[in-house]
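Numbering (my numbering), first residue to last: 3 to 347. Idealized CB from N, CA, C, for every residue including glycine. Small disclaimer: the values here were computed from a predicted structure and weren't measured. Before any comments, here is the structure.
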Ligand code: NAI
């Protein structure tokens, strides 16, 4: 079976890590009878450099809408110049309302924490990232935080359904409804209602985000799944990435009703771009999520088997000491991909 997937190399380290991830995915599918037809499209500064007038060209959006799936490298949003974030625009345009960011300890990656196994679910379309900022008068600006019942019910249901389908036990909502009584108040009310009405089998709790962050760093094992509005989810997922070895090992996915875009949590890392030293593991893990999604969507067991093979291979590679610099190793991006491919069995 051939599956189409839009490949957006992105900016900075994006082209390096996505090339490595595609090589790994293709190798894992080789001989299975299934394959990915990578449809390369552009976004970010790369899109401008290639003659597009927009950071997020319409043809990239059209291509994703056509096949429903994309693997995306990180995109730089130029500061100033009136450009709005590619990522925010992509999530809004395709209505990719549910971000899933699994955070799991990897054997052999030494961190302060052991056996971390969390999933952060982030509402992707509103909150302060609705982009409603105003300069009232020079020196005075406002940013409007948007919370709607529609989006809050939808993300709560998404989180509980995800929990149930993966056998997860508990959802904790991070909020600041003691101060933001209306917006965060609405978010937790909708979460409560969805829990009460449909998901009583899953444990539910609410924590004020400041205290929640303290508890999170004290003992991540007391948490299972975190449900956050947009900004909190953005911040908390990077915090959680720190538990397991950083941004180089934290994958992500953005789901809508129809389309899904898989991308690492990290950015374009301009400080190490072009050096061939970036860790391709996070985007490869996002590729594993993509294969699992394709497998369910297209009822193709080969995609699921390939996803499992990649997981086993990267766990073995890292445990046996094949690592990039961010994990204390000395392999470059391509050498790490080679080491992983050698371990595909
Ligand atoms: P960043 O994630 O690019 O980098 C933070 C630090 O982590 C840097 O020291 C970087 O070298 C390191 N790092 C990140 N990914 C790594 C990897 N795969 N391997 C090894 N080290 C890695 O975050 P920063 O610096 O805040 O953002 C840089 C640019 O990326 C900005 O333009 C930002 O807007 C964009 N960005 C894009 C995202 C996306 O497209 N999804 C997400 C986050 C930021």
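Residue from the options with nearest C-alpha to residue i
i           : options               : result
residue 24  : 73, 296, 85 and 164   : 73
residue 255 : 33, 38 and 104        : 104
residue 289 : 302, 279, 270 and 306 : 306
residue 197 : 173, 219, 213 and 152 : 173
residue 95  : 260, 242 and 162      : 260
residue 40  : 51, 69 and 58         : 69
residue 91  : 117, 121, 122 and 58  : 58
residue 328 : 315, 45, 295 and 251  : 251
residue 27  : 273, 55 and 304       : 304
residue 147 : 139, 178, 121 and 165 : 178
residue 121 : 50, 236, 76 and 13    : 236
residue 326 : 341, 315 and 314      : 341
residue 165 : 202, 130, 55 and 333  : 202
residue 349 : 137, 89, 142 and 143  : Not covered by the structure: residue 349. The range shown for the chain is 3 to 347.
residue 274 : 169, 163, 130 and 334 : 334
Beta-carbon proximity check, residue i vs residue j, cutoff 8 Å
i           : j           : result
residue 264 : residue 230 : no
residue 285 : residue 20  : yes
residue 32  : residue 38  : no
residue 157 : residue 125 : yes
residue 48  : residue 11  : yes
residue 352 : residue 113 : Summary: the structure shown does not reach residue 352, with the chain confined to residues 3 through 347, and so no result is reported for it.
residue 300 : residue 15  : no
residue 18  : residue 319 : no
residue 118 : residue 222 : yes
residue 225 : residue 233 : no
residue 154 : residue 98  : no
residue 22  : residue 309 : no
residue 336 : residue 276 : no
residue 346 : residue 311 : yes
residue 262 : residue 71  : yes
residue 108 : residue 317 : yes
residue 302 : residue 87  : no
Identity of the residues DSSP links to residue i by a beta bridge
i           : result
residue 7   : 40
residue 264 : 73 and 255
residue 172 : 205
residue 228 : 122 and 174
residue 129 : 148
Cβ-heavy atom distance, residue i to ligand 1, below 7 Å
i           : result
residue 268 : yes
residue 249 : yes
residue 1   : Since the first and last residues shown for the chain are 3 and 347, residue 1 lies out of range.
residue 153 : no
residue 286 : no
residue 1   : Lying before the first or after the last residue shown, residue 1 is absent from the chain, which here runs from 3 to 347.
residue 12  : yes
residue 66  : no
residue 79  : yes
residue 19  : yes
residue 158 : no
residue 294 : no
residue 272 : yes
residue 328 : yes
residue 76  : yes
residue 89  : yes
residue 15  : yes
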